[in-house]
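Here the working numbering is used: the first residue of the sequence shown is 4, the next is one more, and so on.
Heads up, the beta-carbon is just placed ideally off N, CA and C, and yes, glycines get one too.
The structure appears right after this line, and notes come after that.
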Amino acid sequence: MCSRTIVPVTENNNLSLDLVRQSIDSSSFKLINYCGNDGDPLMASDLVPIINYFAPTLQYIHTNGSLRSKKFWINLAKIPNLIVIFAIDGACAESHEKYRVNTKFKKILNNAKVFNEAGGTSWWQFIVFEHNQHEIEQAKNIAKELGFANFELLYSRREDIGDIKVVRFISRKADFECKSVKRSEIYIRSDGEVFPCVYHGDRNNTSGLNIKHQSLRDIVYNTYFDKFTFDNNTCQINCNSTHKNFRESFNLL
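Shown next, in the form of structure tokens:
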């Protein structure tokens, strides 16, 4: 749900450690995903303190990896049960930066190398486009050399952007399967708004439920959640399409 293709973000929101502490029980989760609809998780000022607050819960950071200092990546590698998923869509700067605009391919690889050498666990996620599909094996080899634990191909259901054409996985079935219900997930937006599903949490929507005003436990037992119907237009577009996200993973260790 990249904001540059949906609703451009005009404000900078952060979930602070103090807000998270006062609203969320650190032992409430089996898994936490930091995957920003509005921007990269590495932009959040309290990211590391918040991750430490939830440790040793299994946590994932989805990032373009183009930010922060060497010291940051070394310290991040020390946190247990943390996996960083680097979005690197090519084996060279030209291919990667065609879609990942305003990122620096060389800096991303350097950050990943520092993180891996400091003992961190990382995955390389490669969205398959027409312009980079010939580089898959080369990228996989680079990932192995840099110490990535896993290499993942993502055949995305996202829309083409101009001359950037997505290589999609075409499903033979169009059965509705609610990912949020299946995984028992909830989504907390960077402004504190809470939704039953990440796909309903874009800037066009409001739930009226915010961890700034009440605890997360009270929110998830609210009638908004009880009465929410996972079968509407947003659900159909994201979870009932023949063009589904398809992931193919390769263990590099």
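Name the DSSP bridge partner or partners of residue i?
i	result
Leu34	Leu61
Leu85	Gln62
Ser125	Val87
Val169	Phe132
Val197	Ile191
Glu155	Gln128 and Ser252
Asn213	Glu196
Ile139	Bridge partners of Ile139: none, in fact.
Ile77	DSSP, once it has assigned bridges, lists no residue as partnering Ile77.
Ile164	Ile167
Would you kindly work out how many angstroms separate the C-alpha atoms of residue i and residue j, rounded to a whole number?
i	j	result
Ser48	Ser193	12 Å
Ile130	Val184	25 Å
Met4	Thr232	Residue confidence for Met4 is low, a pLDDT of 46 falling below 50, so the modelled location carries little weight and cannot support an answer.
Ala94	Lys230	46 Å
Leu157	Ser125	16 Å
Glu138	His203	34 Å
Asn113	Ser187	36 Å
Leu79	Gly123	7 Å
Asn17	Ile27	15 Å
Leu45	Glu162	25 Å
Leu255	Asp221	42 Å
Asn144	Ile164	28 Å
Glu43	Ser159	Note that residue 43 is Asp in the sequence shown here, rather than Glu. Their backbone Cα atoms lie some 19 Å apart in a straight line.
Could you tell me whether any Cβ in chain D is nearer than 8 Å to the Cβ of residue i?
i	result
Phe118	Included in the structure is just one protein chain, with no chain D present.
Going along the chain, which residues of its own chain have a beta-carbon closer than 7 Å to the beta-carbon of residue i, five neighbours each way excluded?
i	result
Lys101	His134 and Ile167
Asn225	Leu212
Asn241	Tyr202
Thr237	Tyr202 and His203
In its own chain, which residues sit with a C-beta less than 8 Å from the C-beta of residue i, not counting the 5 before and 5 after it?
i	result
Tyr56	Leu20, Val23, Arg24 and Ser29
Given residue i, which residues of its chain have a CB within under 6 Å of its CB, disregarding the five upstream and five downstream residues?
i	result
Asn36	Tyr63
Phe253	Phe154
Leu34	Leu61
Validate contact between the stretch 208-227 and the stretch 106-118 using beta carbons, cut 8 Å, 3 pairs: In the pairwise beta carbon analysis, the stretch 208-227 is classified as not touching the stretch 106-118: fewer than three pairs are separated by under 8 Å.
Sufficient close CB pairs (3 or more, under 8 Å) joining the stretch 151-169 to the stretch 131-141: Touching, yes.
Segment contact, 8 Å Cβ cut-off, at least three pairs: the stretch 144-158 with the stretch 100-109: The stretch 144-158 is not in contact with the stretch 100-109.
Cβ contact check for the stretch 61-68 and the stretch 78-88: 3 or more pairs under 8 Å: The stretch 61-68 vs the stretch 78-88: in contact.
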